[in-house]
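Report on one structure; see the data block that follows.
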Amino acid sequence: MHFILSYAKKPLTTNAERAGNRWARASSVREWREAFASIAKEEGIPAMAWINVTVQPFQKRGPLQDTAACNPAAKAAIDGLVDAGVVPDDTGDYVRQITFLPCVRGDDQLTIIIQGVREDA
65 MHFILSYAKK
75 PLTTNAERAG
85 NRWARASSVR
95 EWREAFASIA
105 KEEGIPAMAW
115 INVTVQPFQK
125 RGPLQDTAAC
135 NPAAKAAIDG
145 LVDAGVVPDD
155 TGDYVRQITF
165 LPCVRGDDQL
175 TIIIQGVRED
185 A
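Residue numbers for the sequence shown follow the working numbering, beginning at 65 and rising by one.
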């Protein structure tokens, strides 16, 4: 099974996170986590025994961010999948692989592709 989820906002990067303060970071992480939990529920993603996640950032303006620079947004998105009940935790038992694709030009957003096996399969 696979599912594609996107949140239309420029992904939080490691450099931006480091440059900010802890309250701004907490607020951003909460936003990304809640957004992906909500999207996963809206899409009706079932409970999965395990998943692999592919992360694809898109950026409209400026120099493209480095590969995997969107890790803070991706981590929060995966935490949102846990909150939505897609997997019970984000340890290696349930999230077996995370692949970061290079950022590409497009409207600001973060897309994650989830591949895995249903819990009841």
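We put the beta carbon where it would ideally sit given N, CA and C, even for glycine.
1) Can you name the start and end residues of the alpha helix (DSSP H) that Thr103 belongs to?
2) Mark Met65 as exposed unless 16 or more other C-beta atoms lie within 10 angstroms of its C-beta, in which case mark it buried.
3) What does the alpha-carbon distance come out to for the pair Cys134 and Val119?
4) Assuming Lys105 contacts Asp172 (C-beta within less than 8 Å), just tell me the rounded distance between them.
5) When the distance is taken between beta carbons, is Leu76 closer than 8 Å to Pro136?
6) DSSP on Ala133, reduced to helix/strand/coil?
7) Just list the residues that DSSP pairs Pro121 with in beta bridges.
8) Per DSSP, what kind of secondary structure is Ala113 in: helix, strand or coil?
9) The beta strand (DSSP E) that contains Thr77, what's its start and end?
10) For Leu128, which residues of its own chain have a beta-carbon under 8 Å away from its beta-carbon, when the five flanking residues on both sides are left out?
Straight from the coordinates:
1) Per the sequence shown, residue 103 should be read as Ile rather than Thr. Judged by DSSP secondary structure, Ile103 falls within the alpha helix (DSSP H) whose first and last residues are Arg86 to Glu106.
2) The residue is exposed, with fewer than 16 neighbouring Cβ atoms inside 10 Å.
3) Their backbone Cα atoms lie some 9 Å apart in a straight line.
4) Not a contact, Cβ separation roughly 23 Å.
5) A Cβ-Cβ contact shorter than 8 Å links Pro136 with Leu76.
6) Ala133: coil per DSSP, three-state reduction.
7) Pro121 is bridged to Leu174.
8) Strand at Ala113.
9) No beta strand (DSSP E) holds Thr77; DSSP gives it neither H nor E.
10) Excluding sequence neighbours, Leu128 sits near Pro166, Cys167, Val168 and Arg169.
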